[in-house]
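For our numbering, add 3 to where a residue sits in the sequence shown, where the first one is 1. For glycine and all other residues, C-beta sits at the position ideal for the given N, C-alpha and C.
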Amino acid sequence: MRRAAVSLLLVALLPACGIGDRLGIGGTRMASEVAFPFEAELLADSMSRKFAVAVDAGTAGVDAVREAVRFEATRYCLGTFGASDKTWVRDPATGDWAAARDGSVLTFQGRCTAR
């Protein structure tokens, strides 16, 4: 009985130490619950608050790729600085996120703002 109680206690404490994340079971790993139609790639120097996100958008515009871009930026800011707060470089003409297009690739720039 005592052995069962100790085992149950250890199993109950297991999620609190984060071992589940390291073993790939349960846990709170950040992963997208849905597949985005566009694959985005984040570009940033180590521990830099400034980042860029590039996405092969084909002929699609900002609205079509926005969530894939936002997800990568949120994952970076949250994982690196502990919060998801960020600002985006904006197009002064539209007020929307500024995007540089090179062929089919759209590149967005932003900055993690959490302290």
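Reduced DSSP category for residue i - H, G, I as helix; E, B as strand; rest coil
{"i": "Asp48", "result": "coil"}
{"i": "Arg118", "result": "coil"}
{"i": "Thr77", "result": "helix"}
{"i": "Phe111", "result": "strand"}
{"i": "Asp88", "result": "coil"}
{"i": "Asp94", "result": "coil"}
{"i": "Ala57", "result": "strand"}
{"i": "Ala102", "result": "strand"}
{"i": "Ala71", "result": "helix"}
Presumed contact (8 Å Cβ cut-off) between residue i and residue j, rounded CB distance
{"i": "Ala71", "j": "Phe41", "result": "5 Å"}
{"i": "Val58", "j": "Val68", "result": "5 Å"}
{"i": "Thr90", "j": "Arg73", "result": "Between Arg73 and Thr90 the Cβ distance is about 12 Å, and since that is not below 8 Å, they are no contact."}
C-alpha distance - residue i paired with residue j, whole-angstrom precision
{"i": "Asp94", "j": "Ala103", "result": "10 Å"}
{"i": "Trp100", "j": "Gly106", "result": "18 Å"}
{"i": "Glu75", "j": "Leu81", "result": "10 Å"}
{"i": "Ser49", "j": "Ala43", "result": "18 Å"}
{"i": "Ala60", "j": "Val108", "result": "6 Å"}
{"i": "Thr62", "j": "Gly98", "result": "21 Å"}
{"i": "Arg6", "j": "Phe39", "result": "47 Å"}
Close-in-space but distant-in-sequence residues of the same chain around residue i (CB under 6 Å, 5 per side omitted)
{"i": "Asp164", "result": "Residue 164 cannot be examined here, being either before or after the span of the chain that is shown, 4 to 118."}
{"i": "Ala55", "result": "Leu46, Thr110 and Gln112"}
{"i": "Ala86", "result": "Ala117"}
{"i": "Val92", "result": "Ala101 and Gln112"}
{"i": "Thr77", "result": "Ser87"}
{"i": "Met4", "result": "none"}
Cut-off 8 Å between Cβ atoms - residues of its own chain near residue i, not counting five sequence neighbours on either side
{"i": "Arg52", "result": "Phe84, Arg114, Cys115 and Thr116"}
{"i": "Tyr79", "result": "Leu45, Ala47, Phe54 and Cys115"}
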